[in-house]
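Down below is the structure, laid out as C-alpha cells.
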Amino acid sequence: MCGITGIVTKNRDDIGALLVMCSRKLTYRGYDSVGVAAVKDGVVDLRKDVGTIDEVDKMLGLSKMRGDRGIAQLRWATYGAPTKVNAQPHFGCTPDFYGAHNGNIHNYAEYRQELIETGHIVRSENDGELCVHAVDKYYEETGDMFEAVRLSTRDLKGAFAFSVGRADEEKIYAVKMGSSLVAGVAKDATIVSSDLPSILPLTNNVVYLRDREMVELTAERVRVFRIEDGKELDREPEISNVDPHAAEKGGYHHFMLKEINEQPKVAQDVMGVLEGSRSEDWLKMIEDSGRKFLVACGSSYNAGIVGTYYFNRLAGTPLVPVIGGQFIPMYGKSLADDSLCILVSQSGETKDIMNVLNLVKETGKGKTLGVVNVIGSTLMFGADAYIPMACGYEVSVPATKTYFSQTIIFAYLAARLGERNGTIDPSEAKEFIRSLAEDLPRLTQQTIDRTGILTKSLAQTLIDVKDLYCLGYGFTDGVAREGALKIKEICYNHCEGMYSSEFKHGPLSIVTDNYPVIFVTTREDSWMVINHINEVRARHGRTIVVGEYEESLSHYVDREGDFLTIPESDILLNPLLDVIPLQMLSYYLSVDLGINPDLPRNLSKTLTVD
Ligand code: F6R
26 MCGITGIVTK
36 NRDDIGALLV
46 MCSRKLTYRG
56 YDSVGVAAVK
66 DGVVDLRKDV
76 GTIDEVDKML
86 GLSKMRGDRG
96 IAQLRWATYG
106 APTKVNAQPH
116 FGCTPDFYGA
126 HNGNIHNYAE
136 YRQELIETGH
146 IVRSENDGEL
156 CVHAVDKYYE
166 ETGDMFEAVR
176 LSTRDLKGAF
186 AFSVGRADEE
196 KIYAVKMGSS
206 LVAGVAKDAT
216 IVSSDLPSIL
226 PLTNNVVYLR
236 DREMVELTAE
246 RVRVFRIEDG
256 KELDREPEIS
266 NVDPHAAEKG
276 GYHHFMLKEI
286 NEQPKVAQDV
296 MGVLEGSRSE
306 DWLKMIEDSG
316 RKFLVACGSS
326 YNAGIVGTYY
336 FNRLAGTPLV
346 PVIGGQFIPM
356 YGKSLADDSL
366 CILVSQSGET
376 KDIMNVLNLV
386 KETGKGKTLG
396 VVNVIGSTLM
406 FGADAYIPMA
416 CGYEVSVPAT
426 KTYFSQTIIF
436 AYLAARLGER
446 NGTIDPSEAK
456 EFIRSLAEDL
466 PRLTQQTIDR
476 TGILTKSLAQ
486 TLIDVKDLYC
496 LGYGFTDGVA
506 REGALKIKEI
516 CYNHCEGMYS
526 SEFKHGPLSI
536 VTDNYPVIFV
546 TTREDSWMVI
556 NHINEVRARH
566 GRTIVVGEYE
576 ESLSHYVDRE
586 GDFLTIPESD
596 ILLNPLLDVI
606 PLQMLSYYLS
616 VDLGINPDLP
626 RNLSKTLTVD
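Using this note's numbering, the first residue of the sequence shown is number 26, and each one after it goes up by one.
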C-alpha cells in the first residue's frame, strides 16, 4: 500500500521526469492520488491531486517539474479520504520540510492532537503528514536534519517507511520501520523507494535495508545507519539480476494476461529452484517440527488450502491453514518450541503475516519458513529460511502466477516428504515430481491455449450476472475459493467460493432459474461433485464445470461452452491446472465489464496495514 520514491541527482534538472518514470512502476501499490515535491535552488514545488499518475501528470505537469532532487508518492487511502489535501507528499509547518510515507501511524489521533496543541499547522487527515511534522519538531530541538529524522521515529508508532527532505539541504533521508524500503546508486543519481521496480529504471545497483534502519542520500552515495543509536552500517550495494523489463506489458493489453501467460515458465523456474540443493534444508525444517501452521492471506491462503490437501494426501502430514490476521487470536498462545509457521506471502510485506513473524521471533517459540516472491522483502530477511516463488515481478494487483507457483511448491514438498516418510511409494513420488517438472509446463500452456477463446465467450454470457458461487471439493477446495476471489476482485461481482458439500447446508436456497454455480473438480472427485451439481440443477440453476473432460460431467451443462476442460493429466496435476480457466474467465469478464483488471478499485498489491 502506497509507494514512495525519493531521488537526489548530480547536476540534473529533470527531477519531475525521473520521479514520474520511476514512480509509475509502483502503481500497483496505490492509485488513489499522486504527488511530487521537486526542489530547485532551495525552493520546494509541491504538486498533488486525486487520480492515477498519468491523470495527475497530465493535469499538473508533474514530469515537467524542474529540480535536482525530490520525493513522489502514490497513495492507497487508509487515514483520510482520497482527496487533494490528503494526497502526499506533505509540507511540515513551513515549506522547508517535505516528505511522504507508506504504512500506518497507529498513534495518529493522539499524536496529531499533540502536534496541534504545540503549535504545528496540520492541514490534512492523513497520517503521512505527521511524519513530516515529527521531523520538523525534532529539527526545532536539534537543528540537525539527520538527528531530527532519527529521533522522529520515537514519536511515531506503527509499521511504516517515510522519506523526507529539507529545502536547503542537498540530501534526502528515509527510514524503514516495518514497511518495505530499498535504495539504489546510479551513475548520476541515488534513489530510495518502497520497492525495487521503481529503482530498476535508474540502476541495478541496489542497497537492501532492514527494519529500524535509515538512509541518507546524496547525489553520490547512499549511507545506511541504525536508527537506535545512529551508528553507520557497512552496507555495500549489490547487483540485482531482476530483469528491469519484467515490469512492462510486453505486448499484452494487461499485466494480468501477461502474468497468466507466464505460468508455463513459472512452473519450469520454480521446479528448478525446488530441485536445487536448498530443498534438503526446507524438508528437514518441516520434518523436525511439531505442529505446522500455514499462515497466509487472500490468494496465498487459497494456495495454502490446496497445499494442505497435498500434505495430507502425499505425506500424511497435517498442516493447519490459518488466515494471517486470525493467527494470533486463534493460535498465538498455542505455539510451542517445535512449532513451524510456514508464512506464505507474494510481497513478503503483508502486515498480517509480519505480525506472526514478529510473534514467533519475540516469543522464541518455533521457527518460520517463508514462501516469498519479492527478493529483499521483510519476510525474506526475517524468516529462519525462505523458499523463493521464482515468478519475477507480479505487477497486476490480482495474484495469478504467484498463486500458481505456491501450489507447485506445496505439491512438490508434500511429494518429497511422503517419499521420505513412506506415505507414498517412492516410485509414485518420483513419477509425480517428474510430471511436475516435465509435463506441467506443457500442460499449463495447453490449458491457456484451449481455454482462451472458451472463457472469452463464456464471460459474455455472464456480463449481467451480479451474484454467483464457485464450488470445489477435496483438492479443488482452494481452487474454487481462488476462482471466486478473482471474480470478486476484478469484476466487482459477489462470488462466493466454498466447499461444494456445504452448499446444501444453507446457500442452496439462493438458487432459482438460471442462477450460475461454477463447479471445479478433479477426475477423482467428479462422482461426488455430480451429486452436488444435481442439487443445483434440480432447482433449475445453471451449472458451469471446470475440470478434465468426462462424458458423465458433460451431461450437466446446458451448452458446450459451460464446460471448461483442462487437458488430460496425472490426477495430482488437476488441482494445479484447474485454476487457469478461472483466472482467464475473471480476466475476460473484467475487461468486458470495462474494468482495468490490473488496478481494481479500492485495492493495493502490498498491504502493509493491519
Ligand atoms: C488477490 C490478491 C490478494 C493477496 C493478499 C496477500 O488476487 O492478490 O488477496 O493474495 O493480499 O498478499 P501477499 O501474498 O503479498 O501476502
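For each residue, glycine too, the CB sits at the ideal point set by N, CA and C.
Distance CB(residue i)-CB(residue j) smaller than 8 Å
i: L438; j: K511; result: no
i: V385; j: L360; result: yes
i: H158; j: G203; result: no
i: Q470; j: P289; result: yes
i: D74; j: K109; result: yes
i: V69; j: Y104; result: no
i: S421; j: H270; result: no
i: K182; j: H131; result: yes
i: N518; j: L483; result: no
i: I434; j: G443; result: no
i: S324; j: S372; result: no
i: V381; j: T243; result: no
i: T215; j: R246; result: yes
i: S218; j: I96; result: no
i: D268; j: G417; result: yes
i: Y133; j: D180; result: no
i: G640; j: A509; result: Residue coverage of the chain in this structure runs from 26 to 635, which leaves residue 640 outside it and unanswerable.
i: G41; j: S58; result: no
Nonlocal neighbours in the same chain, by C-beta distance under 7 Å from residue i, ignoring five residues either side
i: G67; result: A192, D193
i: S175; result: The sequence as given places Arg at residue 175; Ser does not occur at that position. The residues are M239, I252, G255.
i: E284; result: E419, S421, T425, K426
i: Q485; result: D617
i: K630; result: Y53, R54, S372, V422
Same chain, Cβ closer than 8 Å to residue i, five either side skipped, listed in chain order
i: T472; result: I591, P592, L602, I605, P606
i: C516; result: S611, L614, S615, L618, I620
i: L479; result: G586, L589, P606
i: A454; result: L339, A440, R441, G443, E444
i: K513; result: H519, C520
Other residues of its chain near residue i: CB distance less than 6 Å, five sequence neighbours each side excluded
i: Q98; result: I29, G60, Q113, P114, A125
i: S304; result: none
i: R91; result: D38, K65
i: D635; result: K376
i: P346; result: L319, G329, I330, T333
Option nearest residue i by Cα separation, candidates the options
i: L87; options: D39, N383, L242; result: D39
i: G497; options: G572, A440, T448; result: G572
i: W307; options: E142, V422, C366, N599; result: C366
i: D93; options: T480, D213, R137; result: D213
i: H557; options: Y517, Y524, D538; result: Y524
i: Y4; options: K162, R100, R562, R91; result: Absent from the model: residue 4. The displayed extent of the chain is 26 to 635, so no value can be given.
i: T568; options: R548, F544, M170, Y136; result: F544
i: E549; options: N599, P466, D377, D502; result: N599
i: T427; options: G389, V369, Y411, A102; result: V369
i: I311; options: S324, M281, G95, T342; result: T342
i: D82; options: D152, R506, L44; result: L44
i: G190; options: T476, G350, C156, A211; result: C156
i: K309; options: F588, G209, Y326, D363; result: D363
i: A436; options: K529, T178, D595; result: D595
i: P107; options: S149, Q138, D259; result: S149
i: N398; options: L632, I412, D161; result: I412
i: V490; options: E273, L479, V542; result: V542
i: V298; options: M414, C322, G168; result: M414
i: T546; options: L578, L225, K162; result: L578
i: N151; options: E142, E172, R100; result: R100
Residue i, buried or exposed, once every other Cβ within 10 Å from all chains shown has been counted against 16
i: L597; result: buried
i: N627; result: exposed
i: M355; result: exposed
i: P222; result: buried
i: L465; result: buried
i: G31; result: buried
i: D128; result: Going by the sequence as given, residue 128 is Gly instead of Asp. Result: buried.
i: S205; result: buried
i: W552; result: exposed
i: R459; result: exposed
i: M84; result: exposed
i: N286; result: buried
i: A410; result: exposed
Counting pairs of Cβ atoms below 8 Å between the stretch 52–65 and the stretch 232–243, do you hit three or more?
-> no
Evaluate the contact criterion for the stretch 222–232 versus the stretch 263–275: three or more CB pairs, one atom per stretch, below 8 Å.
-> yes
State whether the stretch 380–395 contacts the stretch 273–293, with contact taken as three or more CB pairs (one from each stretch) at a distance under 8 Å.
-> no
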